[in-house]
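The opening residue of the sequence shown carries number 1 in UniProt numbering; numbering runs sequentially from there.
Notes for the one structure printed next.
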Amino acid sequence: MDAKYPKIPLSLPAGVKLKKTVKWIVTEKVHGANFCITTTSEGPAAAASPVHTFNKRTGRIAGGDTFFNFRQDTTLLPILLPKVNTLYSSLKDRHPSLCKVQVFGELFGGAYPDLPSMHRAPVQRGVMYSPNLCFMAFDICVHLAEKPAMFLDYADVMKLCHEYDMLCAEPLMTGSYQNCMAFKLGFDSTIPKRLGLAPPPAGTNKAEGIVVRPLSGDNNQCSAERALVKFKIAEFAEAAVYDNRIDRNALSASSVSQHPLLWVLKGYINESRVQGLISKMGPLDQESDAETLSEYADALVTDAMDDYFNDYGRDEWDAAGSDAQQGIMLAFGGMCAEALDKFK
1 MDAKYPKIPL SLPAGVKLKK TVKWIVTEKV HGANFCITTT SEGPAAAASP VHTFNKRTGR
61 IAGGDTFFNF RQDTTLLPIL LPKVNTLYSS LKDRHPSLCK VQVFGELFGG AYPDLPSMHR
121 APVQRGVMYS PNLCFMAFDI CVHLAEKPAM FLDYADVMKL CHEYDMLCAE PLMTGSYQNC
181 MAFKLGFDST IPKRLGLAPP PAGTNKAEGI VVRPLSGDNN QCSAERALVK FKIAEFAEAA
241 VYDNRIDRNA LSASSVSQHP LLWVLKGYIN ESRVQGLISK MGPLDQESDA ETLSEYADAL
301 VTDAMDDYFN DYGRDEWDAA GSDAQQGIML AFGGMCAEAL DKFK
């Protein structure tokens, strides 16, 4: 069974214990789509040939799912997969019981100023990286026979990527947890320069944010209790800050449209969240049918509600009662559908 990549939280999970001896790093958070290359081998061990499948955040990418045309871009898989095969063989030599390797990373790019692109639109809007589709690795998960799947220490991930010439998230700084958490946001993306492109004018191509993580000594199990945390600049926040000055007397209002919980939830729907969802599920277009749009709207509701409960807990929601909850969810679902239509 493939491991799913856990959503990186905005704060460290409660179960994470900080170790003073561990070095931490800051990496640039790339504005793209979560993408995973899974490699297994078939046939006798001596002559086994690698087999690849591909996953987006929501699950395996079916053969008919174009997912940003990643199969058609001649600068992506034809160059990347031989490197992945070599990496897989290297890990297989070290771990004879290895049965699967998952390379997690970000699929990004598809547009760049003054350069032609074969793609109709970039994977994500807001940060310009390359006219081609690119893949940047940020984690490797290994599956050994009869053992739980485990992530490699990030120091080992970088070593493997450097050895086999694969693009990976590089440290912007290394230091203590406290120093890394104080890293200043709002810097220009470092990625175009790494790809050999002339960067846009200063201040016009800000990085989406950062990821703070330990260089080694992480909880390497495939769970949400890993020591990773992300920070985004305001332009890419997926929720507006709720202003508590909104009239709390509306709690007793009979109209759902005046209910303060709906005001709070409305702040969780914006272009960044819609584009984030599209990066997980694939692009929408004018030909998308009603069933597909409904599926995306439901997923947007779930994504926003998960973040709401993570931020506020369930007390106020439970106190609202089932009748109010039903009305709020109906209205919120309509908001999500409108947001999809506006920002898709």
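Ideal Cβ placement from N, Cα and C applies to all residues, glycine included.
Measure the C-alpha to C-alpha separation of residue i and residue j and round it to an integer number of angstroms.
| i | j | result |
| --- | --- | --- |
| residue 248 | residue 264 | Reliability of the predicted coordinates at residue 248 is poor, the pLDDT of 31 falling under 50, and no value is obtained from them. |
| residue 11 | residue 226 | 11 Å |
| residue 68 | residue 163 | 28 Å |
| residue 325 | residue 335 | 15 Å |
| residue 308 | residue 96 | 44 Å |
| residue 142 | residue 80 | 19 Å |
| residue 35 | residue 343 | 22 Å |
| residue 288 | residue 295 | 11 Å |
| residue 184 | residue 77 | 35 Å |
| residue 99 | residue 4 | 17 Å |
| residue 302 | residue 113 | 35 Å |
| residue 188 | residue 231 | 15 Å |
| residue 181 | residue 323 | 42 Å |
| residue 104 | residue 1 | 15 Å |
| residue 269 | residue 304 | 7 Å |
| residue 149 | residue 260 | 43 Å |
| residue 273 | residue 124 | 11 Å |
| residue 281 | residue 170 | 27 Å |
| residue 50 | residue 89 | 9 Å |
| residue 56 | residue 341 | 22 Å |
| residue 117 | residue 75 | 11 Å |
Which two residues bound the contiguous alpha helix (DSSP H) that contains residue i?
| i | result |
| --- | --- |
| residue 25 | Note, residue 25: premise wrong, no alpha helix (DSSP H); beta strand (DSSP E) at 24-29. |
| residue 79 | 77-94 |
| residue 140 | Run containing residue 140: none in the alpha helix (DSSP H); it sits in the beta strand (DSSP E), 130-144. |
| residue 260 | 260-266 |
| residue 206 | Looking at the DSSP string, residue 206 is not in any alpha helix (DSSP H), and its letter there is neither H nor E. |
Ordered along the chain, which non-local residues of its own chain (more than five positions away) have a Cβ less than 6 Å from that of residue i?
| i | result |
| --- | --- |
| residue 195 | 130 |
| residue 190 | 28 |
| residue 30 | 106, 108 and 136 |
Residue i and residue j: beta carbons closer than 9 Å?
| i | j | result |
| --- | --- | --- |
| residue 27 | residue 229 | no |
| residue 151 | residue 139 | yes |
| residue 39 | residue 85 | yes |
| residue 233 | residue 203 | no |
| residue 133 | residue 73 | yes |
| residue 137 | residue 122 | no |
| residue 337 | residue 271 | no |
| residue 102 | residue 37 | yes |
| residue 160 | residue 91 | yes |
| residue 175 | residue 23 | yes |
| residue 197 | residue 115 | yes |
| residue 58 | residue 299 | yes |
| residue 25 | residue 213 | yes |
With a CB to CB cut of under 7 Å and the five nearest residues on each side skipped, what residues in its chain are close to residue i?
| i | result |
| --- | --- |
| residue 283 | 68 |
| residue 262 | 256, 328, 331 and 332 |
| residue 19 | 217 |
| residue 245 | For residue 245, the predicted structure reports a pLDDT of 31, less than 50, and the residue's modelled location is therefore unreliable. A value from the coordinates is still provided. Here the set comprises nothing. |
| residue 46 | For residue 46, the predicted structure reports a pLDDT of 47, less than 50, and the residue's modelled location is therefore unreliable. The matter cannot be settled from this model. |
| residue 237 | 272 |
Mind checking which residues open and close the beta strand (DSSP E) that includes residue i?
| i | result |
| --- | --- |
| residue 166 | Note, residue 166: premise wrong, no beta strand (DSSP E); not H, not E. |
| residue 213 | 209-214 |
| residue 50 | 49-56 |
| residue 178 | Counting along the chain, residue 178 falls outside any beta strand (DSSP E), though it belongs to the alpha helix (DSSP H) covering 177-181. |
| residue 17 | Taken as a continuous stretch (DSSP letters only), residue 17 belongs to no beta strand (DSSP E), as it is neither H nor E. |
| residue 147 | Careful: residue 147 lies outside any beta strand (DSSP E) and carries neither H nor E. |
| residue 100 | 98-111 |
| residue 230 | 229-232 |
Who are the Cβ neighbours of residue i in its own chain at under 8 Å, not counting the five residues just before and after it?
| i | result |
| --- | --- |
| residue 155 | 215 and 216 |
| residue 54 | 35, 36, 37, 38, 60, 61, 67 and 70 |
| residue 205 | 127, 128, 188, 189, 192 and 199 |
Please confirm if residue i has its CB atom under 9 Å from at least one CB of chain B.
| i | result |
| --- | --- |
| residue 270 | Included in the structure is just one protein chain, with no chain B present. |
**Study point:** Inside the UniProt domain "RNA ligase 2 C-terminal" (258-337) only - alpha helix (DSSP H) runs reaching at least 4 residues
**Key:** Unbroken alpha helix (DSSP H) runs of no fewer than 4 residues, entirely contained in the UniProt domain "RNA ligase 2 C-terminal" (258-337), are found at 260-266, 271-281, 290-312 and 315-320, following chain order.
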